[in-house]
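If you're matching them up, the sequences are chains A and B in order.
Residues in the first sequence are numbered from 1 upward in steps of one, following the working numbering.
Residues in the second sequence are numbered from 1001 upward in steps of one, following the working numbering.
All C-beta atoms in this analysis are idealised placements derived from N, C-alpha and C, irrespective of residue type, glycine included.
All values reported here derive from a predicted model rather than from experimental measurement.
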Amino acid sequence: MAKKRQKTPTSVRKAGLTRRQFVGTAAGTAVAGAITGFPNIVRAADPTRTIGLGVSIINEIQGQASKDLGFPIRGQALGYGAMFGKMLNQNDQYEVAEGYYNDFDVMVPAKVWQPIDTKRIKQWDAVTDLCKTGRLTPDSNVGQGDAPFRHLWVDENGDRVEGPSRYITAVPGWHNADSMGYNPEETGRKIDSWAELFSDDFKGQVALLNVPQIGTMDAAMGVEALGLYKFKDKGNMTREEIDFLIDFLIKKKKEGHFRAFWETFGQSVNLMVSGEVVLESMWSPAVTAIKAEGVPCIYAFPKEGMRGWHGCLSISAKVTGKALDQAYKYVNWWLDGWAGAFVARQGYYMSVPDNVKKFLEPEEWDYWYMGKPAAKELPDPFDTIIVPEGEIRDGGSYWDRFKNIAVWNSLMDENDYLVKRWTEFLSA
Amino acid sequence: MVDQVVNGHHGGLIGSQPTPPTTAGEAKQFRREAGFPTGWLIAPAAIWLIVFLVIPLISIVVFSFWTSSGYGMEPDLTLHHYGEYFHNQGFFIPGDDNFLRPSVFIRSLGSTFYFALVVMVLCLVIGYPIAYFLAMQVKSFKWQLALFLLCMVPFWTSYLIRAVAWIPMLGRRGLFNKMLMGLDIIDKPIGILLYSEFGYTMALVQLYVVLCVGPIFFSLAKIDQAILEAARDMGASIFQIFREIIGPLSLPGVAIGMIFIFVMIMGEFATAVVVYGGKTSTTGTVILNYYAIANYPFAAVNALMLMLSMMIGVVVILKIVDIRKEL
Chain A
1 MAKKRQKTPT SVRKAGLTRR QFVGTAAGTA VAGAITGFPN IVRAADPTRT
51 IGLGVSIINE IQGQASKDLG FPIRGQALGY GAMFGKMLNQ NDQYEVAEGY
101 YNDFDVMVPA KVWQPIDTKR IKQWDAVTDL CKTGRLTPDS NVGQGDAPFR
151 HLWVDENGDR VEGPSRYITA VPGWHNADSM GYNPEETGRK IDSWAELFSD
201 DFKGQVALLN VPQIGTMDAA MGVEALGLYK FKDKGNMTRE EIDFLIDFLI
251 KKKKEGHFRA FWETFGQSVN LMVSGEVVLE SMWSPAVTAI KAEGVPCIYA
301 FPKEGMRGWH GCLSISAKVT GKALDQAYKY VNWWLDGWAG AFVARQGYYM
351 SVPDNVKKFL EPEEWDYWYM GKPAAKELPD PFDTIIVPEG EIRDGGSYWD
401 RFKNIAVWNS LMDENDYLVK RWTEFLSA
Chain B
1001 MVDQVVNGHH GGLIGSQPTP PTTAGEAKQF RREAGFPTGW LIAPAAIWLI
1051 VFLVIPLISI VVFSFWTSSG YGMEPDLTLH HYGEYFHNQG FFIPGDDNFL
1101 RPSVFIRSLG STFYFALVVM VLCLVIGYPI AYFLAMQVKS FKWQLALFLL
1151 CMVPFWTSYL IRAVAWIPML GRRGLFNKML MGLDIIDKPI GILLYSEFGY
1201 TMALVQLYVV LCVGPIFFSL AKIDQAILEA ARDMGASIFQ IFREIIGPLS
1251 LPGVAIGMIF IFVMIMGEFA TAVVVYGGKT STTGTVILNY YAIANYPFAA
1301 VNALMLMLSM MIGVVVILKI VDIRKEL
């Protein structure tokens, strides 16, 4: 999942608030305070603070939201560890948390967020079933692991309940499915199975993602595809399953199978661009970045299914009154389509596709969502042309792609044990 | 000059040290005469250290005994995390594969230690001659300064850039491979240069060697030329001079340089990711991984063990070289 992707890491951005506006507001507040003695009476709206990864916290997005909503939204993009820590330990430092369902085994019991009332989410009925039932279309498979629908429903106290309820943990947002990227000139063949990650043909030229929770799932898919082992639930492995997997990985590592383990988006791009690897687990925007460097790269669509992840918007438990109204407005704004169209141009999907369609040109909609060849050159969100005419995305339409999610990014019950064994794998 | 040498303090190129008060009586008198309670001068530093070092340190110690709840900590005291740190499944069970195998966390610490030692030795071998050349061979102070600044040039860019710069040098399509192929030494690119122990060690040495050049240069520059001249007049050979005079007098600089490098490398984790491709786990990465899953007590245990081993390392270095006496 593209969770460590950041355009400008850990920078606090004053979204959409020009310096002039800011000075004006500050001066107005000061004057009002001095004259009336009641500083809170004449005052511009307090900013709504939102934190997340660089995937959803982007100057342009929060800037547009400030413009549309009439109050400032201040986004802070963090690295994954910092985001996790801040969401969990400092819920007075943000109003909105732009998190991911796979962290909810930690976040929900900690009660750092308040249950969100779906009655206050205007577009709730338009949100697809992907997060509500786990099935985007009636004939879809329900993926293993921390699928969003397993973490969505709560009661008014924030305790988990099965199935539909009036209250939810977080409003479903941007999401995608990850797999592998490869250089077709170097591999010499089409890659359509996770088993290829361990093929001897690519020995010493393979990279894995160095995030234990996700890296093990990619590896588990490879092991399963090879027919070496059958995991009961790849999203929640037992100790025996973890042991089998890590022992296999250690054996492979000692054979010199892996070239490197990458931690950030940029590293995964560099590994392929510099010719160090020919096949690696990858996040979809990396393919575009690699191609922009003139290196051929294809995003594999493995037959075993992809690994899904889902971003979402939560509201801190500390937020009340006017700040709460603002937080709800911002969360609702994400579903209106502008933000969805913005992230669509980076290859991500949104939980209300119908609204996204309104903000995309027909050619863009056909390419990004319908999986058709690009009818013309298409830009990324920053107006750089990244898709040449005639190009087509592997994996078909959004609905085809999400019909077959093998496993969702997850936090396992045996997470501590997993991290320990992963440490052993790295130092082997 | 002669007096100073007799007292054990001598002027050098960089300038002489003020003679410290030799008896407690004199020191007391000095304080009275100043008319200002000098103890207050350390107050800002003391407050700073208490707030930003002592208190956080105590809380790390306390947290290491708390219980991890899966989503934070609870103040139930437990030794569980220490057990987890030291104990390895199958350790000391006869016949088990792990019979004499310490836990992965101790092994991580061990490999961190190993890299620190290797890099320290290499830095000394490379750094000492540089410092010696600067201090002893370059006669003009201006040139000394200029060349010393030249050593510092790489430090004008960020640490990460310097680490990343090794990739186009050592990579499969990198400069070294192109060179070796151009010279017909190899016929296809070799992968061992990058994402390997070799590349990692090389990068660490380059990143940290200047940390020891500085202190060694300063302690060499302080050596009074008159002593060397006297030794030569007495007929001492160049090796004797080095063994009897230059070597011992430069030891404090060597010790300080080694402490710098040791402490930096023990806390290292970024270079391992960039240049070693994350294929090793240092104690730094272990702490980071457990922080990322909110197991703060276990991260605290690792942090404490790292600190303890750093302290032991520094004490050992200081035992070998008595900096106070030598200065």
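Under the three-pair Cβ rule at 8 Å, the region 1309 to 1324 of chain B does not count as touching the region 95 to 104 of chain A. In terms of beta-carbon proximity, K230 (chain A) stays away from the interface with chain B, with every pair separated by 9 Å or more. Among the CB atoms of chain B, one or more fall inside 9 Å of the CB of Q267 (chain A). Here the C-alpha atom of A1300 (chain B) lies approximately 9 Å from the C-alpha atom of F1065 (chain B). Note: F1198 (chain B) is not bridge-paired with any residue in the DSSP secondary-structure output. Take the alpha-carbon of N415 (chain A) and the one of I1293 (chain B): they are about 8 Å apart. Collapsing the DSSP output to three states places T50 (chain A) in a strand.
With its beta carbon at least 9 Å from every one in chain B, R49 (chain A) lies outside the interface.
Note on geometry: alpha-carbon atoms of P373 (chain A) and R1107 (chain B) lie some 53 Å from one another. CA-to-CA, the gap between L1175 (chain B) and W1166 (chain B) works out to about 10 Å. In the structure shown, the three-state DSSP call for E361 (chain A) is coil. From the beta-carbon of G275 (chain A), the residues of chain B found nearer than 7 Å are R1172, R1173. For L1306 (chain B), not one C-beta of chain A is nearer than 9 Å to its own C-beta. The C-alpha of V319 (chain A) lies about 15 Å from the C-alpha of I73 (chain A).
With a cut-off of 8 Å on Cβ pairs, the region 318 to 338 of chain A is not in contact with the region 285 to 305 of chain A, counting fewer than three such pairs. Taking C-beta separations shorter than 7 Å and ignoring five residues to either side along the sequence, the partners of A177 (chain A) in its chain run M306, R307, G308, R401, F402, I405, following chain order. For L1251 (chain B), no chain A residue has a C-beta closer than 8 Å to its own C-beta; the minimum C-beta separation is roughly 35 Å. Fully enclosed beta strand (DSSP E) runs of no fewer than 3 residues occupy 48 to 52, 73 to 77, 96 to 100 of the region 40 to 113 of chain A, in order along the chain. In chain order, P1154, L1207 place their CB closer than 7 Å to the CB of R1162 (chain B), counting only its own chain and leaving out the 5 sequence neighbours on each side.
Listed along chain A are P212, V419, W422, T423, each with a C-beta nearer than 8 Å to that of N1289 (chain B). Scanning B:H1081, B:I1042, B:P1044, B:A1045 for the CA closest to the CA of V1061 (chain B) turns up B:H1081.
The C-alpha of L1304 (chain B) is placed about 27 Å away from the C-alpha of A1043 (chain B). Inclusion of M217 (chain A) and V55 (chain A) in the CB contact set at 9 Å is not warranted, their separation being larger than that value. Interface with chain A (9 Å Cβ-Cβ cutoff): T1078 (chain B) is excluded. For the region 1181 to 1204 of chain B, the set of residues with a beta-carbon nearer than 9 Å to any beta-carbon of chain A comprises P1189, G1191, L1194, Y1195, in chain order.
Put simply, the region 150 to 166 of chain A does not touch the region 264 to 271 of chain A. Fewer than three CB pairs are less than 8 Å apart. Per DSSP, reduced to three states, the secondary structure at N176 (chain A) is strand. 9 Å or more divides the Cβ of F248 (chain A) from the Cβ of A207 (chain A).
In the DSSP assignment, the residues bridged to D117 (chain A) are A:Y167. F382 (chain A) carries a coil assignment under DSSP once its states are collapsed to helix, strand and coil. When rounded, the separation of the alpha-carbon atoms in T48 (chain A) and Y94 (chain A) is 8 Å. R345 (chain A) places its beta carbon less than 9 Å from that of E364 (chain A).
By the neighbour-count criterion, in which 16 or more other beta carbons inside 10 Å mark a residue as buried, E1229 (chain B) falls on the exposed side. When Cβ-Cβ separations below 9 Å define contact, K1279 (chain B) makes contact with chain A. At a cut-off of 9 Å, the C-beta of P1168 (chain B) has a neighbouring C-beta in chain A.
With a beta-carbon spacing of about 19 Å, K203 (chain A) and M221 (chain A) fall beyond the 8 Å limit used to define contacts.
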